[in-house]
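K.L.:
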Amino acid sequence: MKLLIAIPALNEEDSIEGIIRRTLDARAGIVAGSPVTEVEITVVSDGSTDRTVEIAQGFTDQIRLIEFPQNRGYGRAILEAWAQSDAELVSFLDADGTCDPRFFTTLCNAVEAGPAAVALGCRLHSKSKMPKIRRFGNLLFSTLLSTISGTTVRDTASGMRVVRRSELEKLMPLPSGLHFTPAMSARAVLRGDVSIAEIDMPYHEREGRSKLSVVKDGFRFLGIILDALFLYRPDRPLAVLGGVSVLAAVGMMASPIFHYVQERTVDEWMIYRFIVAHFLGTCGVLTLCTAYLSRKVAALTVLPDEQENPFGGWLHRMFQSPAFWLLPATLLLIGGALVGTSFLELVRTGATAEHWSRFIAMSFFASLAFILVVTRVMDYSLGLMAAWLAYRRSGVDSSDHRGAPAAQLEEGRP
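Taken in order, the sequence shown gives residues 2 to 415; the numbers are from the numbering used here.
1. Would DSSP call Cys-123 helix, strand or coil?
2. Curious, which full-length alpha helix (DSSP H) runs of at least 4 residues does the segment 293–356 contain?
3. Counting beta carbon pairs with one atom in the segment 266–286 and one in the segment 352–370, are three or more of them shorter than 8 Å?
4. Would you identify the three-state DSSP class for Ser-364, choosing helix, strand or coil?
5. Per DSSP, what are the beta-bridge partners of Arg-165 in this structure?
6. Leaving out five residues on either side along the sequence, give the residues of the same chain with a beta carbon under 8 Å from the beta carbon of Glu-41.
7. So for Glu-14, helix, strand or coil by DSSP?
8. Just the C-alpha distance for Thr-288 and Arg-52, rounded to the nearest angstrom, thanks.
9. Have a look at Gly-404 and Ser-143 and give me their C-alpha separation to the nearest angstrom.
10. Any contact between the segment 101–110 and the segment 177–189? By contact I mean 3 or more CB pairs, one from each, below 8 Å.
11. Leaving out five residues on either side along the sequence, give the residues of the same chain with a beta carbon under 7 Å from the beta carbon of Met-386.
12. I need the straight-line Cα distance from Ile-149 to Thr-61, nearest angstrom please.
13. Hey, would you say Tyr-293 sits closer than 8 Å to Leu-328, going by beta carbons?
14. Apart from the five residues just before and just after Pro-203, which ones in its own chain have a Cβ nearer than 6 Å to its Cβ?
15. How far does the alpha helix (DSSP H) with Thr-182 in it reach, from first residue to last?
16. Let's test the definition: count the other Cβ atoms within 10 Å of the Cβ of Phe-252 and tell me whether it reaches 16, buried, or not, exposed.
17. Given a threshold of 16 other Cβ atoms within 10 Å of its Cβ, counted over all protein chains shown, does Asp-398 qualify as buried or as exposed?
18. To the nearest angstrom, how far is the alpha carbon of Leu-125 from that of Thr-182?
19. In angstroms with no decimal places, state the Cα-to-Cα distance between Leu-73 and Asp-47.
20. In this structure, does DSSP put Arg-414 in helix, strand or coil?
21. Assuming the contact rule is C-beta atoms closer than 8 Å, Ile-17 and Ala-96 should be a hit. Round their C-beta distance to whole Å, please.
22. Need the endpoints of the alpha helix (DSSP H) that Ile-79 sits in, please.
23. Do the CB positions of Asp-236 and Ser-295 come within less than 8 Å of each other?
24. Tell me Ile-8's beta-bridge partners as DSSP assigns them.
25. So what's Lys-418 in DSSP terms, helix, strand or just coil?
26. Could you give the first and the last residue of the continuous alpha helix (DSSP H) run that contains Ile-56?
27. Given that a residue counts as buried once 16 or more other Cβ atoms are within 10 Å of its Cβ, and exposed if not, what is Gly-336?
28. What separation, rounded to the nearest whole angstrom, lies between the Cα atoms of Val-241 and Leu-140?
29. If Leu-169 and Val-45 are in contact, beta carbons under 8 Å, what's the gap, nearest whole angstrom?
30. Going straight from the alpha carbon of Leu-25 to that of Val-298, what length do you get?
31. Rounding to the nearest angstrom, what Cα-Cα distance links Arg-166 and Tyr-233 in this structure?
32. Determine the DSSP secondary structure at Ile-197, reduced to helix, strand or coil.
33. What does the Cβ neighbour count give for Arg-394, buried or exposed, with the cut at 16 atoms within 10 Å?
34. Chain C beta carbons: is any one of them nearer than 8 Å to that of Val-190?
Listed below in structure tokens is the structure:
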């Protein structure tokens with residue numbers, strides 16, 4: 002079994018010789034202490050303008066050196082190294098000297114022991130030398146990703162990891178920049194079928210100046226996490242938004258309803274609550290139905306076939322039930338009953354004196370009925386698409402992307 006260690010480097014003349022020597026020295030220990038039988042090392046100069054290439058060239062009898070004439074990005078450098086190798090395990094290591102290459106032994110063993118497809122060295126522990134500002138940023142992003150995914154991830158941006166090549170395609174496409182690592186973490190946990198093993202590793206102060214911008218790259222990291230969320234789990238933020246809207250609508254109408262139960266009247270000041278509650282309730286139900294449909298679309302396209310749909314399970318049963326049509330019919334009947342008398346009066350006399358509250362309520366019930374019917378039609382359409390896709394996929398073998406050019410693996414944002 003071969004392990005590829007990719008070392009992306011951009012102007013790392015102060016540290017590149019040290020990390021190459023340390024990685025070369027670690028090879029024997031990795032082979033002796035893990036199932037790995039061969040270690041391949043590739044340094045990728047990502048448009049370096051200092052002596053990084055010159056220094057690395059002194060080791061070309063033992064390593065592979067790839068030179069990008071211009072800067073193409075941290076992630077692209079790693080992907081290029083991976084694409085030019087046939088190793089069963091692919092990995093990367095930052096060139097700044099912060100990580101110990103000998104730790105690949107532990108990571109390789111973690112991947113081979115299963116079920117993890119990705120093993121990473123976690124830097125967030127008491128003995129880590131990570132600067133406080135970066136520690137805070139990593140903690141913030143890991144908390145966000147853990148919250149939205151339901152899976153605990155401590156170090157979303159670790160720069161030392163091992164990936165099983167056979168599982169790599171599930172994580173594609175990956176971005177070309179420094180947000181390559183949080184993107185991999187986010188895609189793995191949000192897909193749900195690519196598990197990550199995190200193992201505390203030694204982490205030291207870097208040599209040379211960091212290329213990471215706390216603010217600029219922080220926003221990039223946040224963006225890539227949100228990208229993965231809306232790619233794999235769009236139902237989650239939409240469900241939260243829809244639920245909040247519905248609860249807000251109920252809160253707006255609590256006082257008028259309580260007053261009506263006691264006094265059997267609707268006061269004129271309540272018109273504002275009726276209108277706002279109508280808007281919030283309609284938006285809430287529309288968003289919840291959109292969340293349900295978006296999860297079905299994700300299941301058809303990017304989510305594993307075997308995954309269940311806990312959010313949409315009861316909604317699916319409702320929309321697929323033969324009794325579903327009773328719900329919009331009932332809503333329309335209620336709305337019609339509220340204004341039926343006034344409608345007949347309008348036909349007879351050309352005018353009506355019915356209270357405005359009945360028309361707002363009728364409009365709300367009719368809107369809900371319309372939203373539910375449209376959602377049911379779209380649900381039916383997606384069911385037909387699912388059946389067609391299942392038929393098409395049943396006769397198509399999955400392709401082997403090993404050795405594909407890195408350009409084919411690079412991401413445009415979803």
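Here a beta-carbon is modelled for each residue, glycine too, at the ideal position from N, C-alpha and C.
P.N.:
Let me spell this out:
1. Counting from one through the sequence shown, the residue named residue 123 turns up at place 122. Three-state result, Cys-123: strand.
2. 314–321, 327–350
3. yes
4. Position 363 of the sequence shown, counted from the first residue, corresponds to residue 364. Correct three-state label for Ser-364: helix.
5. Along the sequence shown, read from residue 1 onward, the residue named residue 165 stands at position 164. For Arg-165, which the question treats as bridged, DSSP gives the partners Leu-90.
6. As a first step, residue 41 is located in the sequence shown; it is residue number 40 there, counting from the start. Here the set comprises Lys-3, Leu-4, Leu-5, Ile-6, Arg-65, Ser-86, Ala-88.
7. Locating residue 14 in the sequence shown gives position 13, where the first residue counts as 1. DSSP places Glu-14 in coil when its eight states are reduced to three.
8. For this step, residue 288 is matched to residue 287 along the sequence shown. For this step, residue 52 is matched to residue 51 along the sequence shown. Approximately 55 Å between the Cα atoms of the pair.
9. In the sequence shown, the residue the question calls residue 404 occupies position 403. In the sequence shown, the residue the question calls residue 143 occupies position 142. Because Gly-404 carries a pLDDT of 47, less than 50, the predicted location of this residue cannot be relied on, and no value is offered for it.
10. no
11. Your numbering for residue 386 matches position 385 in the sequence shown. So the list reads Leu-301, once near-sequence residues are dropped.
12. As a first step, residue 149 is located in the sequence shown; it is residue number 148 there, counting from the start. As a first step, residue 61 is located in the sequence shown; it is residue number 60 there, counting from the start. Each residue's alpha carbon lies about 45 Å from the other.
13. Your numbering for residue 293 matches position 292 in the sequence shown. Your numbering for residue 328 matches position 327 in the sequence shown. Not closer than 8 Å, so no.
14. Residue mapping note: residue 203 aligns to position 202 of the sequence shown, counting from 1. Within the same chain, Pro-203 has close Cβ partners Asp-101.
15. Here residue 182 is taken as the residue at index 181 of the sequence shown, counted from 1. Thr-182 -> alpha helix (DSSP H) spans 181–192.
16. In the sequence shown, residue 252 corresponds to position 251, counting from 1. A small fix is needed here, since residue 252 is Gly in this sequence, not Phe. With fewer than 16 other Cβ atoms within 10 Å, it is exposed.
17. Looking up residue 398 in the sequence shown gives position 397. For Asp-398, the pLDDT reaches just 47, beneath the cut-off of 50, and the residue's location in the model is therefore unreliable, leaving the point undetermined.
18. Along the sequence shown, read from residue 1 onward, the residue named residue 125 stands at position 124. Along the sequence shown, read from residue 1 onward, the residue named residue 182 stands at position 181. Distance between the alpha carbons of Leu-125 and Thr-182 is about 15 Å.
19. Mapped onto the sequence shown, residue 73 falls at position 72. Mapped onto the sequence shown, residue 47 falls at position 46. Note that residue 73 is Arg in the sequence shown, not Leu. Straight-line Cα distance between these residues: approximately 6 Å.
20. Along the sequence shown, one-based indexing puts residue 414 at 413. Any reading at Arg-414 needs caution, since the residue's pLDDT is 40, under 50, leaving its predicted position unreliable; the model's value is listed next. Here Arg-414 sits in coil by DSSP.
21. The residue given as residue 17 occupies position 16 in the sequence shown. The residue given as residue 96 occupies position 95 in the sequence shown. Rounded, the Cβ-Cβ distance is 6 Å, consistent with contact.
22. Reading the sequence shown from its first residue, position 78 is the one you call residue 79. Where Ile-79 is concerned, the enclosing alpha helix (DSSP H) stretches over 75–84.
23. Position 235 of the sequence shown holds residue 236. Position 294 of the sequence shown holds residue 295. Result yes, Cβ atoms of Asp-236 and Ser-295 sit closer than 8 Å.
24. Reading the sequence shown from its first residue, position 7 is the one you call residue 8. Beta-bridge pairing links Ile-8 to Val-44.
25. Only positions 2 to 415 of the chain appear in this structure, which leaves residue 418 out of reach.
26. Taking the first residue of the sequence shown as 1, we reach residue 56 at position 55. Segment 53–57, the alpha helix (DSSP H) holding Ile-56.
27. As a first step, residue 336 is located in the sequence shown; it is residue number 335 there, counting from the start. With 16 or more other Cβ atoms within 10 Å, it is buried.
28. In the sequence shown, the residue the question calls residue 241 occupies position 240. In the sequence shown, the residue the question calls residue 140 occupies position 139. Rounded to whole angstroms, Val-241 to Leu-140 spans 23 Å at the Cα level.
29. Residue mapping note: residue 169 aligns to position 168 of the sequence shown, counting from 1. Residue mapping note: residue 45 aligns to position 44 of the sequence shown, counting from 1. The pair is not a contact, with the Cβ atoms about 17 Å apart (cut-off 8 Å).
30. Translated into positions along the sequence shown, residue 25 becomes position 24. Translated into positions along the sequence shown, residue 298 becomes position 297. Approximately 47 Å between the Cα atoms of the pair.
31. For the purposes of this step, residue 166 is taken as residue 165 along the sequence shown, with counting starting at 1. For the purposes of this step, residue 233 is taken as residue 232 along the sequence shown, with counting starting at 1. Taking the straight line joining both Cα atoms gives about 21 Å.
32. Mapped onto the sequence shown, residue 197 falls at position 196. DSSP places Ile-197 in strand when its eight states are reduced to three.
33. Within the sequence shown, residue 394 is the residue found at index 393, counting from 1. It counts as exposed.
34. Within the model displayed, chain C is absent; a lone protein chain is all it includes.
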